[in-house]
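In our numbering, the protein residues as written are 4 to 318.
All C-beta atoms in this analysis are idealised placements derived from N, C-alpha and C, irrespective of residue type, glycine included.
Written out below as structure tokens is the structure these notes cover.
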Ligand SMILES: [Mg+2]
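What follows is the structure in structure tokens.
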């Protein structure tokens, strides 16, 4: 399953111009009637890449109700909405089903990409087939991540507790997830979240992981040990290249939405990065000063408003 998918470096050319929609097109889009005319005439293919927790799903309630009409408009206009998340395949599958998305998504911080085999946007031929998906592994296997965790604790001389060392009820206590969802969060394929050790600087952990040929993403509640070539940015670039292969005559315009530093690579990989404000109503300090668009509200209302605005006023 591994191999051949490393270091995707395609980025938008700085001179690329993205045309504006006219007023008639915007009215059509606003009424949810069809894809904006100029998007079709100019051969543009917008693609929405989105984080889930705190971006599309409300930080506290995990609700996405306010985003459903916008997702429905995207579906009718054949605009892909692609989750790129730290969640596992089992966790994302349930959400994708409820949202009615096409079934293509990236999991475990861009460690693996799943393309449902009936997704007509793709013709993936060189991937492992699992259930109804083509599965592309960008990072390591879970066995390698677990082995890496043991090597990492030796390297930093501090014991580390990963999800594989914790029971479902212990994960529940740490995450506040209900039992079924904690079980899905523990059902891992590519990466290992672990509780950050006290009194060890994140930079020390990151450097030790790098020496082992792995990466650590430092989050608020957990650190994530992932493969060297995994990452939300690499996952987005791999997907964009496949969309370009599939739609060679169309101009791909990528919109990305995220709320926290682990979305930085995703936001840097898209044409239009949009920050969803955090619980405080403000963007995360590590994201807020980059000149990127900031959604007018928290998730899911802010997600819906920002996607609507982006798609009707691409400039
Ligand atoms: Mg998030």
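Contact between residue 111 and residue 184 is ruled out by a C-beta separation of about 15 Å, above the 8 Å threshold. Within the chosen limit of 8 Å, ligand 1 does not reach the beta carbon of residue 300 with any heavy atom.
Assignment of beta-bridge partners to residue 116 by DSSP yields 109 and 139. It is roughly 12 Å from the alpha-carbon of residue 272 to the alpha-carbon of residue 261.
Residue state for residue 171 is assigned as helix, using DSSP reduced to three classes. Along the region 265-304, the alpha helix (DSSP H) occurs as fully enclosed runs of 4 or more residues at 267-271, listed in sequence order. Looking at the DSSP output, residue 226 bridges to 197 and 221. In this structure, residue 247 keeps its C-beta atom at 9 Å or more from the C-beta atom of residue 91. For the region 49-94, the full-length beta strand (DSSP E) segments reaching 3 residues or more read 84-86 along the chain.
Per DSSP, the continuous beta strand (DSSP E) segment holding residue 257 begins and ends at 254-261. Inclusion of residue 57 in the 8 Å shell around ligand 1 follows from its C-beta lying nearer than that to a non-hydrogen atom of the ligand. Put simply, the backbone Cα of residue 155 is about 15 Å away from that of residue 166.
Residue 306 has its alpha-carbon roughly 16 Å from the corresponding atom of residue 49. Looking at 313, 245 and 279, the one whose alpha-carbon comes closest to that of residue 128 is 245. Residue 252 and residue 225 have their C-alpha atoms roughly 42 Å apart. In this structure, DSSP gives residue 236 a helical state, which the three-state scheme calls helix. DSSP, reduced to helix, strand and coil, places residue 133 within a strand of the structure shown.
According to the DSSP secondary-structure assignment, residue 165 is paired through a beta bridge with 197. Our two residues, residue 78 and residue 72, have alpha carbons roughly 10 Å apart in a direct line. Between residue 291 and residue 264, the C-beta spacing is not below 9 Å. Look at the beta carbons and you see the region 116-127 not touching the region 164-182: under three pairs across the two are nearer than 8 Å. If you check the CB distance, residue 159 and residue 208 come in under 9 Å. Burial of residue 70 is indicated by the presence of at least 16 other C-beta atoms within 10 angstroms of its C-beta. Distances from the CB of residue 261 to the heavy atoms of ligand 1 include at least one below 8 Å. Proximity of the beta carbon of residue 121 to ligand 1 is not indicated: no heavy atom of the ligand is located closer than 8 Å. 219 is the residue among 189, 219 and 186 whose C-alpha sits nearest the C-alpha of residue 199.
Not one heavy atom of ligand 1 is found less than 8 Å from the C-beta of residue 190.
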